[in-house]
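**Q** What follows is a single structure, and I will ask about it in a moment.
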Amino acid sequence: MRTRLAADVYSVFWREMKRFWLQKPRIVVSVIQPAIWLGLMGNLMGGLLDKPMAAAVLGTGNYLSFMTAGVMVMTTLFGGVFGGVSIIWDRRLGLLNKMLAAPIARAAIPVGKALAVAVQTSIQVALIALVARLLGVAFVTGPAGVLMAIGIAALFSVIMSSLSLILAARLKSHEALFAVVNFLTMPLMFTSNAMFPTQTMPGWLRSIAAYNPVSYAVRPMRQLVTGGWDWTVLGQDAAVVAAMAALMVILAVLQYRKMVA
Amino acid sequence: MTMKAIEVRGLTKTYPGGIRAVDQVSFWVGEGEIFGFLGPNGAGKSTTILMLTTLATPTAGSATVMGYDVTTNTDAVRRSLGYVSQDLAVDDSLTGWENLYLQARFYGLTRDEMRRRIPEVLDMVGLTSRARDLVETYSGGMRKRLDIAAGLIHRPKVLFLDEPTLGLDIQTRREIWDYITRLREESGMTIFLTTHYMEEADRLCDRIAIIDRGSIKAVGTPSELKSTLGGDVIVLRFGGTDAGVAEALARIRALPGVRDVARYGDDYRVAVQDGESTLPQFFAATQDGAAPIVRVSINRVTLDDVYLSFTGRALRDEESSREDALQQRIRMRRVRG
Ligand SMILES: Nc1ncnc2c1ncn2[C@@H]1O[C@H](COP(=O)(O)OP(=O)(O)OP(=O)(O)O)[C@@H](O)[C@H]1O
Ligand SMILES: [Mg+2]
Numbered sequence: 001m002r003t004r005l006a007a008d009v010y011s012v013f014w015r016e017m018k019r020f021w022l023q024k025p026r027i028v029v030s031v032i033q034p035a036i037w038l039g040l041m042g043n044l045m046g047g048l049l050d051k052p053m054a055a056a057v058l059g060t061g062n063y064l065s066f067m068t069a070g071v072m073v074m075t076t077l078f079g080g081v082f083g084g085v086s087i088i089w090d091r092r093l094g095l096l097n098k099m100l101a102a103p104i105a106r107a108a109i110p111v112g113k114a115l116a117v118a119v120q121t122s123i124q125v126a127l128i129a130l131v132a133r134l135l136g137v138a139f140v141t142g143p144a145g146v147l148m149a150i151g152i153a154a155l156f157s158v159i160m161s162s163l164s165l166i167l168a169a170r171l172k173s174h175e176a177l178f179a180v181v182n183f184l185t186m187p188l189m190f191t192s193n194a195m196f197p198t199q200t201m202p203g204w205l206r207s208i209a210a211y212n213p214v215s216y217a218v219r220p221m222r223q224l225v226t227g228g229w230d231w232t233v234l235g236q237d238a239a240v241v242a243a244m245a246a247l248m249v250i251l252a253v254l255q256y257r258k259m260v261a
Numbered sequence: 001m002t003m004k005a006i007e008v009r010g011l012t013k014t015y016p017g018g019i020r021a022v023d024q025v026s027f028w029v030g031e032g033e034i035f036g037f038l039g040p041n042g043a044g045k046s047t048t049i050l051m052l053t054t055l056a057t058p059t060a061g062s063a064t065v066m067g068y069d070v071t072t073n074t075d076a077v078r079r080s081l082g083y084v085s086q087d088l089a090v091d092d093s094l095t096g097w098e099n100l101y102l103q104a105r106f107y108g109l110t111r112d113e114m115r116r117r118i119p120e121v122l123d124m125v126g127l128t129s130r131a132r133d134l135v136e137t138y139s140g141g142m143r144k145r146l147d148i149a150a151g152l153i154h155r156p157k158v159l160f161l162d163e164p165t166l167g168l169d170i171q172t173r174r175e176i177w178d179y180i181t182r183l184r185e186e187s188g189m190t191i192f193l194t195t196h197y198m199e200e201a202d203r204l205c206d207r208i209a210i211i212d213r214g215s216i217k218a219v220g221t222p223s224e225l226k227s228t229l230g231g232d233v234i235v236l237r238f239g240g241t242d243a244g245v246a247e248a249l250a251r252i253r254a255l256p257g258v259r260d261v262a263r264y265g266d267d268y269r270v271a272v273q274d275g276e277s278t279l280p281q282f283f284a285a286t287q288d289g290a291a292p293i294v295r296v297s298i299n300r301v302t303l304d305d306v307y308l309s310f311t312g313r314a315l316r317d318e319e320s321s322r323e324d325a326l327q328q329r330i331r332m333r334r335v336r337g
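For the record, the sequence lines run as chains U and C. Quick note on the numbering used here: the first sequence kicks off at 1 and runs consecutively. Quick note on the numbering used here: the second sequence kicks off at 1 and runs consecutively.
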C-alpha cells in the first residue's frame, strides 16, 4: 500500500516535471523577473542607506541583501498559488477523469503536484541566489545557508500550492481560481516583512505581519542571508513553516480523497 | 452460463440543479459481448459510463462490473476496466510513448510488462513510427487512436468507449471499428460503447440499448430490434391539407400489417410486415381522400426506423444543448490542434 502511494505520487510528479521542462520561457521569466525586482528596488532604495538608522533597521548595509529573501519568497508564493491551475486543466481536458478511473491512490494527485511545485520552486530559488550573488549579495552562512533557504522556500511553496489545489478542486474554473488567488497574494505579500522592515510599519500592520505565514518564511531566510546561524530564529520559524506545510498537505489529501470526478 | 460482465439495476443519476440525466436504467452485458448505448446528445450515455467507471456516484440503484460493486468495491472495479472518454484525453506535452508509460504506471504494470505492452498497443493502433513525437504534433485521429491504446494498456476485462468515433473521418472511423472487432476476436474483451451513429451500432454491436432522455427504450440485437417493426418501411409523401394528411394516416394505421407510423421531416415512414403486398392497399385506402400520395418508396427497416419509433425523434434532427455544443467546440479545437 505504501509503495503504491509512493509510485503513484512519482507518476503524477513525473508528468508535472515533464510539463515544466517544456515551458522554457516560463523558467527564463521566473529568473529575469526577480532579477529586475532586485535591480530596481536596489537602486530605488539605495539612497535610504546613506542614513545609518536605516541600515540598522534593515540589519544590513545593503538593501539588496535585505530584499533577496523577500524576492525569493515572493517568487515562491506566486509559483505556489498557481499550483492548482494544472488540476483545472486536467479536469477540462479529461486527464483528471483518466487518473481517477485508474486504481491510483487519490492522495497521490495533490501530493505529486505539490511536490513538483516544490522542486520547481527550489530550482527558481537557487537561480535567484545565483542572480543575487552576481549583483553582489553573498549569503553570510555560505552554501549551506543557501541550501537551507531553498529548503524553507520549498516547504513554504507546499503551503501555498496545497491551498491552491484545494481551491482548484472546489472552484473548477480558471476565472474563479485566479480571482481568489489574486485576492489573496497581494495582501499576503504587503502585510508581511518581505519588502519592508516591520520596524517602520504602523502597529496594526506590524501585528498582522508578525503572524503572516509569509513572514515565517522570510525571517529565517533573511537571517541566512544577512544574519548568521542563529538557531533560535531559524529553528522556530522553520518548524512553524514545516508544521503549516504538513497541515495543508493533510487538508489537501482529505479534499482529494473524497473526489470522484 | 457465462458470467455477466456488467449488471445494472435501477441506476439513476440526478445532477445538482435537478437534471435527471439517467433515470432507473437496468440492463446487463454478457462476458465477451460488444454492447452499445445508442442515443442522441444529452441522452445520458456519458453519465451512465461515469457511474460504471466509478467517476460519478449514482443517486440510486446499483451496478457491478465483473461482479464488483461500483460504489463499494471501487478499486477492484477500476482494475477490471479500461476507460476511453469522449474527450480525447491525451497529454499534449508528452510524447505518445510517454502517455502510454504514464498510463502503465497508473495501472501498476511492471517494467517487463511495460516493455511488452507499450509496443504491442502502439503497433495495434499503428502509431509505432510516431511514438517518440510530442502528441501536440498529432492529428485528431492519431490522438483518438493513442487514447484507445492507453485504455488497453493493462488488458482490461471490460473496455468502456464513450463515442469512440465522434468527429473522425470515415476512414479513421472504419479503422477504429476494425480495432474493436479485432479486440473482441483476439482477447474476448467485453466492450461497452456509446454512439449516436446508427451504422456504428448496427455493425459493431452484438446487442444495443436505445437510450433517450435518461431512460432505456429498447434492448436487443440489431436484428431483433428491426424485427419488432417488421420487414419493410414504406416512405410516403402526401399532397393536400394537414387535415387530409391526418385522415389518410388514420386509414393507413387501420390497415393489417402496419406496425408503426413515424414522421420524418416531410415524409412519413410506415413500418410494415411486407412492403410489396401492403403498398397497393395504401393507395386503395387513400385514393378518395383529401391528401393523395404523391411520392413513395419501399426500404428495408433500418435501426434509424427503430430509433424513430421508440423515441418519436430522428437522431439527426436532435438539437444539442448549448453545453453540448460548447463541449463539441472544445473537442473540435483539440482535434484540429
Ligand atoms: N456535470 C453535470 N452537471 C449537470 N448536468 C450535467 C452534467 N453532466 C451532464 N449533465 C446533463 O445530463 C444530461 C445527460 O448528459 P450526458 O453527458 O450523460 O449525455 P450524453 O448522452 O453523453 O450526450 P452526448 O452525446 O452529447 O455526449 C444532459 O442533459 C446534460 O446536460
Ligand atoms: Mg456523452
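All C-beta atoms, glycine included, are put in the ideal place defined by N, C-alpha and C.
Against chain U, which members of the region 96 to 110 of chain C pass a CB distance test of less than 8 Å?
**A** Listed in sequence order: Glu98, Leu102, Gln103, Arg105, Phe106, Tyr107 and Gly108.
**Q** Ignoring anything shorter than 4 residues, give me the alpha helix (DSSP H) runs that lie fully in the region 151 to 200 of chain C, in order along the chain.
**A** Here the runs fully enclosed are 170 to 187.
**Q** If you drop the 5 nearest sequence neighbours on each side, which residues of the same chain put their C-beta closer than 8 Å to that of Glu33(C)?
**A** Once the five neighbours on either side are set aside, the close Cβ partners of Glu33(C) are Ala5, Thr190, Ile191, Asp206 and Arg207.
**Q** Measuring alpha carbon to alpha carbon, tell me which of Thr226(U), Arg4(U), Gly227(U) and Gly235(U) ends up nearest Ala108(U).
**A** Of the candidates Thr226(U), Arg4(U), Gly227(U) and Gly235(U), the one whose C-alpha sits nearest the C-alpha of Ala108(U) is Arg4(U).
**Q** With H, G and I counted as helix, E and B as strand and the rest as coil, what does DSSP make of Lys4(C)?
**A** Residue state, collapsed to three classes: strand.
**Q** Hey, is Gly44(C) close to ligand 1, as in C-beta under 6 Å from one of its heavy atoms?
**A** Yes - ligand 1 has a heavy atom lying nearer than 6 Å to the Cβ of Gly44(C).
**Q** Please determine if the region 106 to 121 of chain U and the region 8 to 21 of chain U are in contact, where contact requires at least 3 C-beta pairs separated by less than 8 Å.
**A** Yes, they touch.
**Q** What did DSSP end up calling Tyr264(C) once you bin it into helix, strand or coil?
**A** Residue state, collapsed to three classes: strand.
**Q** Which residues share a DSSP beta bridge with Tyr83(C)?
**A** BP columns for Tyr83(C) point to Phe160(C).
**Q** Of the residues Ser26(C), Ala21(C), Thr165(C) and Leu100(C), which one's Cα is nearest the Cα of Gly44(C)?
**A** It is Ala21(C) whose Cα lies nearest to the Cα of Gly44(C).
**Q** Whether or not the region 75 to 95 of chain C and the region 48 to 60 of chain C are in contact is what I'm after, with contact meaning three or more pairs of Cβ atoms, one per stretch, closer than 8 Å; do they touch?
**A** Judged by Cβ distances under 8 Å, the region 48 to 60 of chain C makes contact with the region 75 to 95 of chain C, as three or more pairs qualify.
**Q** According to DSSP, is Asn99(C) helix, strand or coil?
**A** Note: Asn99(C) maps to helix in three-state DSSP.
**Q** Answer yes or no: does any C-beta atom of chain C fall closer than 7 Å to that of Leu254(U)?
**A** No - not a single Cβ of chain C is within 7 Å of the one on Leu254(U).
**Q** Using the beta-carbon count (16 or more within 10 Å), is Met221(U) buried or exposed?
**A** Counting Cβ neighbours within 10 Å, Met221(U) comes out buried, since at least 16 surround it.
**Q** Apart from the five residues just before and just after Arg206(U), which ones in its own chain have a Cβ nearer than 6 Å to its Cβ?
**A** For Arg206(U), where only same-chain residues beyond five positions count, the Cβ hits under 6 Å are Thr198.
**Q** Roughly how many whole angstroms lie between the Cα atoms of Phe238(C) and Gly30(C)?
**A** If you take the alpha carbons of Phe238(C) and Gly30(C), they lie about 45 Å apart.
**Q** Using a Cβ-based criterion (distance less than 6 Å to any ligand heavy atom), does Thr47(C) qualify as near ligand 4?
**A** The ligand content of the structure shown is limited to ligand 1 and ligand 2, which means ligand 4 is not among them.
**Q** Just the chain U side, please: which residues come within less than 9 Å of Thr72(C) by C-beta, in chain order?
**A** Within chain U, no residue comes near Thr72(C); the closest Cβ sits about 13 Å away, beyond 9 Å.
**Q** Check the Cβ-Cβ distances between Ser86(U) and every residue of chain C, and say whether any is below 7 Å.
**A** Ser86(U) does not count as touching chain C.
**Q** Under the three-state reduction of DSSP, which class applies to Leu22(U): helix, strand or coil?
**A** Leu22(U) falls in the helix class under three-state DSSP.
**Q** Of all the options Pro164(C), Asp267(C), Gly151(C) and Glu136(C), which has the alpha carbon lying nearest to the alpha carbon of Val296(C)?
**A** Cα-wise, what sits closest to Val296(C) is Asp267(C).
**Q** Just reading off the alpha helix (DSSP H) that Ile87(U) is part of, what are its end residues?
**A** That run of the alpha helix (DSSP H) goes Val85 to Leu93.
**Q** Name the two residues that bound the continuous alpha helix (DSSP H) containing Gly264(U).
**A** Because chain U in this structure spans residues 1 to 261, residue 264(U) falls outside the shown range and cannot be described.
**Q** How would you list, in chain order, the residues of chain C whose beta-carbon sits under 7 Å from the beta-carbon of Asn212(U)?
**A** None at all; the shortest Cβ gap to chain C is about 35 Å.
**Q** For chain C, check one thing: does any of its Cβ atoms lie closer than 7 Å to the Cβ of Ala69(U)?
**A** No - not a single Cβ of chain C is within 7 Å of the one on Ala69(U).
**Q** Looking at chain U, which residues of the region 154 to 180 of chain C have a Cβ within less than 8 Å of any of its Cβ atoms?
**A** So the list is empty, because no residue satisfies the distance condition.
**Q** Using only alpha-carbon positions, find the residue among Leu40(U), Arg92(U) and Trp21(U) that is nearest to Val117(U).
**A** Val117(U) has its Cα closest to that of Trp21(U), out of Leu40(U), Arg92(U) and Trp21(U).
**Q** Report yes if the CB atom of Thr68(U) is closer than 7 Å to the CB atom of Val137(U), and no otherwise.
**A** In this structure, Val137(U) lies closer than 7 Å to Thr68(U) by Cβ.
**Q** Find out if the Cβ-Cβ distance for the pair Ser157(U), Gly80(U) is shorter than 7 Å.
**A** Yes, the Cβ-Cβ distance between Ser157(U) and Gly80(U) is below 7 Å.
**Q** Taking the continuous alpha helix (DSSP H) assigned at Arg117(C), which residues delimit it?
**A** Arg117(C) -> alpha helix (DSSP H) spans Arg111 to Met124.
**Q** Anything in the region 104 to 117 of chain U with a Cβ closer than 7 Å to a Cβ of chain C? List those residues in chain order, please.
**A** Within the region 104 to 117 of chain U, the residues whose Cβ lies closer than 7 Å to some Cβ of chain C are Ile104, listed in chain order.
**Q** Which of helix, strand or coil does DSSP assign to Trp14(U)?
**A** In this structure, Trp14(U) counts as helix in the three-state DSSP scheme.
**Q** Give a single yes or no on whether Gln86(C) has its beta carbon closer than 6 Å to a heavy atom of ligand 2.
**A** Result yes, Cβ under 6 Å from ligand 2.
**Q** For Gly141(C), tell me which candidate among Gly36(C), Leu168(C) and Ala131(C) has the shortest Cα-Cα distance.
**A** Nearest option by C-alpha distance: Leu168(C).
**Q** Does the region 177 to 196 of chain U come within contact of the region 70 to 79 of chain U, defined as at least 3 CB pairs closer than 8 Å?
**A** Touching, yes, given that three or more Cβ pairs across the two stretches are closer than 8 Å.
**Q** May I ask you to verify whether the region 162 to 181 of chain U touches the region 229 to 237 of chain U, counting CB pairs closer than 8 Å and requiring at least 3?
**A** Short answer: they don't touch.
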